[in-house]
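Chains as they are written, first to last, in my numbering: chain A, 1 to 157; chain B, 1001 to 1157.
Protein chains: 2
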Amino acid sequence: MPRRCGKGPRWFCGELRGCGRRLTEAREIVLGVVDKSDEHLSAEDVFRAVRRVNRGIGLTTVYRTLDLLVNMNLLSRCDFGDGRARYERIRGTKEDHHHHHLVCTECKKVVNYRDFIEEEIELLGKTEKALSRKFNFTIRDHLIQFYGLCDKCRQRD
Amino acid sequence: MPRRCGKGPRWFCGELRGCGRRLTEAREIVLGVVDKSDEHLSAEDVFRAVRRVNRGIGLTTVYRTLDLLVNMNLLSRCDFGDGRARYERIRGTKEDHHHHHLVCTECKKVVNYRDFIEEEIELLGKTEKALSRKFNFTIRDHLIQFYGLCDKCRQRD
DNA sequence: GGTTTTAATGAAAATGATTTTCAATAAGAA
DNA sequence: TTCTTATTGAAAATCATTTTCATTAAAACC
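What follows is the structure in structure tokens.
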């Protein structure tokens, strides 16, 4: 199904080649779709958008490509507890990108926020240190998420 | 399959009756199993333990009963991101019970902790208030979780 | 105690997101 | 252009959980 190669972002092409991977149309389109969106897209969402560009690309390929992009740290996979993964483009440095999610449990709308990020990082640091020591854990990651009702969904009730 | 009734905890019997529900052996056993354990059990785990007491109880009933107990606020359902729900007995008041999880991504071991709970509650309160105002969300719940490697899994690598 | 109503049950089938299999295709090296 | 093998799509497989439906048994009512 692929056509020609080497169009998409140079760096992307380079990063792929670097690990013996190939640049294909499917990969360009999937990355493009998630990159253009500022929503938190499910695999299905991505699939639908990809199809609008090229009807020949299968859902399986979308899943595989999303996995690949997550492993390349170009996307992050989020879990909002509704049984389907969502994907979000990682922009800038890890520091820039650090944020949390506010999830509407009705319509699944998600807002990214960075409020109190300083205080939070400080508290997390303390907590991580204490937990590492107390329970002999090496902490690698953390998850903070708020759940509630967005404006529209609250009014609808 | 049930036998006689009215043995299990009075209050449990009472709470069930209160909403037109029935006290069955399956429900007693499921509650008993989760109550005795201080692990975070999956439905399968509960099923296996239940079977040791009564081979006639099906997996479907275990799922249904876990749902019921969660709705009755006797259990809480946790999601550690491995695609299966876990269940934990809620003890004492909501205040007493407030804690977070430290999850080993290798062996899935989970530790409950309450360290820095005061500071955390304070920060969460501030954050909740700010987010409510800023994004017009009514916040109902939050999730804080740390991921890492436990002692044993770190050494094994 | 026996009857009756209907909630609860178990087995099997259905669901839904994701993964695997496998033969066909095409990226990119030679 | 040829050749190697990564990538692909379609279909089947997985796996946790839910639904369906006919059967059974709590517990309310004689």
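We put the CB at the ideal spot given by N, CA and C, even for glycine.
Between the alpha carbons of residue 52 (chain A) and residue 1062 (chain B), how many angstroms are there, rounded?
Rounded to the nearest angstrom, the gap between the Cα atoms of residue 52 (chain A) and residue 1062 (chain B) is 44 Å.
What are the residues in the region 101-123 of chain A lying within 8 Å of chain B by C-beta distance?
102, 104, 105, 111, 113, 115, 116, 119, 120 and 123
Alpha carbon to alpha carbon, how far is residue 156 (chain A) from residue 130 (chain A)?
Spanning the two alpha carbons is a distance of roughly 44 Å.
What's the call for residue 1057 (chain B), buried or exposed, on a 16-neighbour Cβ count within 10 Å?
buried
Skipping 5 residues on each side, what residues in its chain have a beta carbon closer than 8 Å to that of residue 1046 (chain B)?
1030, 1033, 1034, 1062, 1066 and 1087
Report the partner residues of residue 146 (chain A) according to the DSSP bridge assignment.
Secondary-structure assignment with DSSP links residue 146 (chain A) through a beta bridge to A:102 and B:1142.
Taking DSSP's pairing of strands, which residues face residue 86 (chain A) in a bridge?
Residue 86 (chain A) is bridged by DSSP to A:42 and A:78.
Residues bridged to residue 63 (chain A) by DSSP?
Per DSSP, none; premise fails for residue 63 (chain A).
Using only the alpha-carbon positions, how far apart do residue 121 (chain A) and residue 98 (chain A) sit?
10 Å
Should residue 148 (chain A) go down as buried or exposed, given a rule of 16 or more other Cβ atoms within 10 Å for buried?
buried
Short check: CB of residue 1116 (chain B) to CB of residue 139 (chain A), under 7 Å?
no
Classify residue 127 (chain A) as buried or exposed, calling it buried when 16 or more other Cβ atoms lie within 10 Å of its own Cβ.
buried
Compare the C-beta of residue 1150 (chain B) against all C-beta atoms of chain A and say whether one is closer than 7 Å.
yes
Identify whether residue 1112 (chain B) lies in helix, strand or coil by the three-state DSSP scheme.
strand
Considering Cα atoms alone, identify which of B:1154, B:1078, B:1142 and B:1073 is closest to residue 1104 (chain B).
B:1154
Over the uninterrupted alpha helix (DSSP H) stretch that includes residue 1012 (chain B), give me the two end residues.
Run containing residue 1012 (chain B): 1010-1018, per the alpha helix (DSSP H) assignment.
Report the residues of the region 1035-1052 of chain B with a CB closer than 8 Å to any CB of chain A, ordered along the chain.
Flagged: no residues at all.
Mind checking which residues open and close the alpha helix (DSSP H) that includes residue 135 (chain A)?
Element bounds for residue 135 (chain A): 117-135.
With a threshold of 7 Å between beta carbons, is residue 29 (chain A) in contact with chain B?
No Cβ of chain B is located within less than 7 Å of the beta carbon of residue 29 (chain A).
Give the secondary structure of residue 91 (chain A) by DSSP, where H, G and I count as helix, E and B as strand, and everything else as coil.
Three-state DSSP puts residue 91 (chain A) in coil, outside helix and strand.
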